[in-house]
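Working notes, structure below.
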Amino acid sequence: MRTEGVRLGLVASYADIETQDLRADRIPTELNEAESIKLGGYIAASFLERGFINTEVAYPTGEIESRRDDFLGTIASNYDFDGLMTRSTAGYDLIADENVSITPTIGVNAARIEFDDVTEAGSFGFTVERGDAEFLELRGGLQLGARVSEGVSGLVSGNVIRDLADSQRSFRLSSSQLGTFFTALPLRECDRFELAAGASIDVSETFAIDVGYLGDFNEGYRGNSARATARIAF
Numbered sequence: 000m001r002t003e004g005v006r007l008g009l010v011a012s013y014a015d016i017e018t019q020d021l022r023a024d025r026i027p028t029e030l031n032e033a034e035s036i037k038l039g040g041y042i043a044a045s046f047l048e049r050g051f052i053n054t055e056v057a058y059p060t061g062e063i064e065s066r067r068d069d070f071l072g073t074i075a076s077n078y079d080f081d082g083l084m085t086r087s088t089a090g091y092d093l094i095a096d097e098n099v100s101i102t103p104t105i106g107v108n109a110a111r112i113e114f115d116d117v118t119e120a121g122s123f124g125f126t127v128e129r130g131d132a133e134f135l136e137l138r139g140g141l142q143l144g145a146r147v148s149e150g151v152s153g154l155v156s157g158n159v160i161r162d163l164a165d166s167q168r169s170f171r172l173s174s175s176q177l178g179t180f181f182t183a184l185p186l187r188e189c190d191r192f193e194l195a196a197g198a199s200i201d202v203s204e205t206f207a208i209d210v211g212y213l214g215d216f217n218e219g220y221r222g223n224s225a226r227a228t229a230r231i232a233f
């Protein structure tokens with residue numbers, strides 16, 4: 000639904016993401032595959048000709064398959080998750096040119112994700128109870144966009160991110176051999192940097208393909224990912 004300067008809509012997406020953790024010597028330590036869907040709604044508003052505010056609220060749910068190797072062999076598990084997430088971004092294009100854009104942005108992202116308990120196959124057969132994952136982050140960045148040709152555009156962006164309420168992930172593990180104990184993942188530094196680059200190809204008025212790269216950089220941590228997305232408008 001669209002009114003003057005404001006657009007309301009629904010969003011639905013499917014993702015199948017595979018990640019691999021590597022040691023410092025590039026040896027794989029864990030392989031995870033997350034299959035998920037996201038359902039939600041959004042509102043997009045424009046102001047002062049080149050300014051915008053976009054807000055989305057969504058319900059993500061899915062399944063994670065995990066596999067890792069240790070001295071006792073391969074350990075595998077499957078578990079479900081769901082939660083609530085929201086994000087809001089405001090920006091203003093500094094250049095009055097439809098072919099080039101320089102857009103400072105500021106935004107807030109928040110989420111709470113819950114995980115089902117799971118019993119691992121292999122090793123000591125741990126039953127794993129995961130604590131909820133919660134985060135609240137403030138983002139400030141700059142987007143550089145350009146129209147490359149008819150129907151093709153490119154984008155490069157950088158964001159400085161401040162974690163305001165990143166909760167420590169805790170786990171309760173229990174097995175018949177070792178009993179019950181608790182562990183937690185170390186918290187990352189609260190400041191990190193995100194770099195993204197991509198291109199969008201308009202195949203038709205209602206169908207587009209996006210490809211891109213995303214890098215996430217923190218002290219002692221580096222994540223790199225690629226994506227390909229098909230968008231259909233109704």
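Each residue of the sequence shown is one higher than the last, beginning at 0 in numbering that gives the first Met the number 0. We put the beta carbon where it would ideally sit given N, CA and C, even for glycine.
- Under the criterion of beta carbons closer than 8 Å, residue 77 and residue 117 qualify as touching, at roughly 7 Å.
- Taking a cut-off of 8 Å on C-beta distances, the segment 53 to 65 does not touch the segment 95 to 105, as fewer than three cross pairs fall below it.
- The C-alpha of residue 119 lies about 5 Å from the C-alpha of residue 125.
- By DSSP's assignment, residue 230 forms a beta bridge with 207.
- Distance between residue 69 and residue 115, taken at the CA atoms: about 24 Å.
- If you compare the alpha carbons of 195, 19, 229 and 160 with that of residue 139, the shortest gap goes to 160.
- Listed in chain order, the beta strand (DSSP E) elements of length 3 or more contained wholly in the segment 52 to 100 are 72 to 91.
- Between residue 15 and residue 227, the alpha-carbon positions lie close to 11 Å from each other.
- Within the same chain, 55 and 108 come within 6 Å of residue 86 by CB-CB distance, once the 5 residues on both sides are set aside.
- A Cβ-Cβ separation of about 5 Å places residue 152 in contact with residue 199 under the 8 Å criterion.
- When the beta-carbon positions are compared, residue 51 and residue 43 come within less than 8 Å of each other.
- Ranked by how close their Cα comes to the Cα of residue 40, the residues 137, 47 and 10 have 10 in first place.
- Just so you know, the alpha carbons of residue 190 and residue 216 end up roughly 9 Å apart.
- Beyond the five residues adjoining it in sequence on each side, residue 37 comes within less than 6 Å, by CB distance, of 12, 57 and 59 in the same chain, given in chain order.
- Linking residue 72 to residue 66 through their CA atoms gives a straight-line distance of about 11 Å.
- Distance from the CA atom of residue 141 to the CA atom of residue 157, rounded to whole angstroms, is 6 Å.
- Counting of Cβ neighbours within 10 angstroms places residue 97 among the exposed residues, the total staying below 16.
- If you draw a straight line from the Cα of residue 132 to the Cα of residue 210, it is about 28 Å long.
- Counting along the chain, the unbroken beta strand (DSSP E) around residue 183 starts and ends at 178 to 183.
- CA-CA distance, residue 75 to residue 18, rounds to 15 Å.
- Around the Cβ of residue 92, a 10 Å sphere holds 16 or more other Cβ atoms; the residue is buried.
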